[in-house]
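Let me begin by presenting the structure, written as structure tokens, before commenting on it.
Number of protein chains: 2
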Amino acid sequence: MATSRSDKAVNLQEKLNRFDEHWSPRTVAEFNGHDVMVVKVRGEFVWHHHDNTDDFFLVLKGHITIRMRDGDVHLGPGELFVVPTGVEHQPFAAEEAELLLIEPSGTPNTGDEATAARRLTI
Amino acid sequence: MATSRSDKAVNLQEKLNRFDEHWSPRTVAEFNGHDVMVVKVRGEFVWHHHDNTDDFFLVLKGHITIRMRDGDVHLGPGELFVVPTGVEHQPFAAEEAELLLIEPSGTPNTGDEATAARRLTI
């Protein structure tokens, strides 16, 4: 008889409840060489771009603006946007927001290897 | 002055409201050679596996079970699961459910090239 694997489900809110830090993504799953991450954000991040990857944002709670040189994208819950490779952007959230991010494993979140944070799995 | 790009935000529920068919994923964005898709499901899909890709499921509404040979994974809203490459699985939903899927562009949803549906962008 099959054993239950229901413990394998990743509950995003349960993962988000485990930490408070902003701009510190936590890996919750892996997918085709990418990290699937949850993150809490508030305020503005640095302007940056990624040379070798698109940048996937899905808002789970709250609202964010992704500022780009040719205009802003505003996202609320259940809305996603993919910043294309090479496009400069600055995420901003007036109030705390919660996001799902997907990036190739090992991608520094500023696009700059020198400031790459270690990977945090939760 | 920057023009608004708020039309670039992808609202998942708005996309889902545009169609009724089950098991017919619609591409809403592209990310690193993958299609980001929304799909409505009800009943059971065929048992299948993918030789060359993991299979990403995030439940947006309702509940699904991903049956696998060594046990089931039950997912509700805000829960995700990645079926590893090569692992046989059968998605099942007793009632209609809505999902976000991510697969490499061109991946047939049954894992079988012969039955690959054409890509539907929405």
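Each protein sequence line maps, in turn, to chains A and B.
Every letter in the first sequence is one number past the one before it in my numbering, and letter 82, counting from 1, is 223.
Every letter in the second sequence is one number past the one before it in my numbering, and letter 63, counting from 1, is 204.
We treat Cβ as the ideally placed atom computed from N, Cα and C, and that holds for glycine.
These numbers come from a predicted model, not from an experiment.
Top-ranked residue by Cα proximity to B/V228, from B/K202, B/I263, B/T194, B/E244: Reading the second sequence from its first residue, position 87 is the one you call residue 228 of chain B. Out of B/K202, B/I263, B/T194, B/E244, the CA that lies nearest to the CA of B/V228 is found in B/T194.
Segment limits, beta strand (DSSP E) that includes B/L242: The sequence position of residue 242 of chain B within the second sequence is 101, counting from 1. Per DSSP, B/L242 belongs to the beta strand (DSSP E) from 230–245.
Start-to-end residues for the beta strand (DSSP E) that takes in A/E155: One-based indexing of the first sequence puts residue 155 of chain A at position 14. Taken as a continuous stretch (DSSP letters only), A/E155 belongs to no beta strand (DSSP E), being part of the alpha helix (DSSP H) at 153–157.
Host beta strand (DSSP E) of B/H215 (start-end): Position 74 of the second sequence, counting from 1, holds the residue named residue 215 of chain B. Note, B/H215: beta strand (DSSP E), 212–216.
Inter-residue spacing [alpha-carbon to alpha-carbon] between B/T251 and A/Q154: Taking the first residue of the second sequence as position 1, residue 251 of chain B is located at position 110. Taking the first residue of the first sequence as position 1, residue 154 of chain A is located at position 13. Between the alpha carbons of B/T251 and A/Q154 lies a gap of roughly 30 Å.
C-alpha distance - B/E98 paired with B/V214, whole-angstrom precision: Because chain B here runs from 142 to 263, residue 98 of chain B falls outside it and cannot be looked at.
Reference B/F233, options B/H191, B/E244, B/L261, B/H163, closest by Cα: Counted from its first residue, the second sequence places residue 233 of chain B at position 92. Among B/H191, B/E244, B/L261, B/H163, the Cα nearest to that of B/F233 is on B/H163.
is_contact[B/T248, chain A] using C-beta, thresh 8 Å: Within the second sequence, residue 248 of chain B is the residue found at index 107, counting from 1. Answer no: the Cβ-Cβ gap between B/T248 and chain A never drops below 8 Å.
Where B/N152 meets chain A, residues with beta-carbon distance less than 7 Å: Along the second sequence, read from residue 1 onward, the residue named residue 152 of chain B stands at position 11. The answer, in chain order, is G219, E220.
Cβ pair A/G203, A/E239 closer than 8 Å: For the purposes of this step, residue 203 of chain A is taken as the residue at position 62 of the first sequence. For the purposes of this step, residue 239 of chain A is taken as the residue at position 98 of the first sequence. Their beta carbons are under 8 Å apart, which means A/G203 touches A/E239 by this criterion.
Neighbouring residues, chain A, relative to B/E229 (Cβ below 7 Å): Counting from 1 along the second sequence, the entry for residue 229 of chain B is found at position 88. Going along chain A, no residue has its Cβ under 7 Å from B/E229, so there is no contact; the nearest lies around 12 Å.
Cα-Cα separation, A/E236 to A/K149: Position 95 of the first sequence, counted from the first residue, corresponds to residue 236 of chain A. Position 8 of the first sequence, counted from the first residue, corresponds to residue 149 of chain A. A/E236 and A/K149: Cα-Cα distance of roughly 31 Å.
Residue closest to B/H175, alpha-carbon to alpha-carbon, out of A/L261, A/V187, A/T168, A/E244: The residue given as residue 175 of chain B occupies position 34 in the second sequence. Looking from the CA of B/H175, the closest CA among A/L261, A/V187, A/T168, A/E244 belongs to A/E244.
N-terminal and C-terminal residue of the beta strand (DSSP E) that B/T194 is part of: Taking the second sequence and counting its residues from 1, the one referred to as residue 194 of chain B is at position 53. First-last for B/T194: undefined, no H or E at that position.
Short CB-CB distance (under 8 Å) between B/N158 and chain A: Within the second sequence, residue 158 of chain B is the residue found at index 17, counting from 1. No, B/N158 lies away from the interface with chain A (no Cβ there is under 8 Å from its Cβ).
Distance between A/T168 and A/L261 (C-alpha atoms, nearest Å): As a first step, residue 261 of chain A is located in the first sequence; it is residue number 120 there, counting from the start. As a first step, residue 168 of chain A is located in the first sequence; it is residue number 27 there, counting from the start. Roughly 6 Å separates the two Cα atoms.
When B/L157, B/N158, B/D192 are compared against B/P130, the one with the closest alpha-carbon: The question about residue 130 of chain B has no answer, for chain B in this structure spans 142 to 263.
Of the residues A/K156, A/V224, A/N173, A/V151, the one placed nearest A/D211, counting alpha carbons only: Taking the first sequence and counting its residues from 1, the one referred to as residue 211 of chain A is at position 70. It is A/V224 whose Cα lies nearest to the Cα of A/D211.
Listed by chain order, chain A residues near B/A170 by CB distance under 7 Å: Your numbering for residue 170 of chain B matches position 29 in the second sequence. The contacting residues are L221, V223.
Within 8 Å, strictly: CB atoms of A/M209 and A/H189: Start at 1 with the first residue of the first sequence, and residue 209 of chain A comes out as number 68. Start at 1 with the first residue of the first sequence, and residue 189 of chain A comes out as number 48. Going by C-beta atoms, A/M209 is not nearer than 8 Å to A/H189.
A/L199 vs A/L241 beta-carbon contact at 8 Å: Along the first sequence, one-based indexing puts residue 199 of chain A at 58. Along the first sequence, one-based indexing puts residue 241 of chain A at 100. Cβ distance < 8 Å, so A/L199 and A/L241 count as in contact.
Residue-level contact to chain A via CB, B/D195, 8 Å cutoff: Position 54 of the second sequence, counting from 1, holds the residue named residue 195 of chain B. So yes, B/D195 belongs to the interface.
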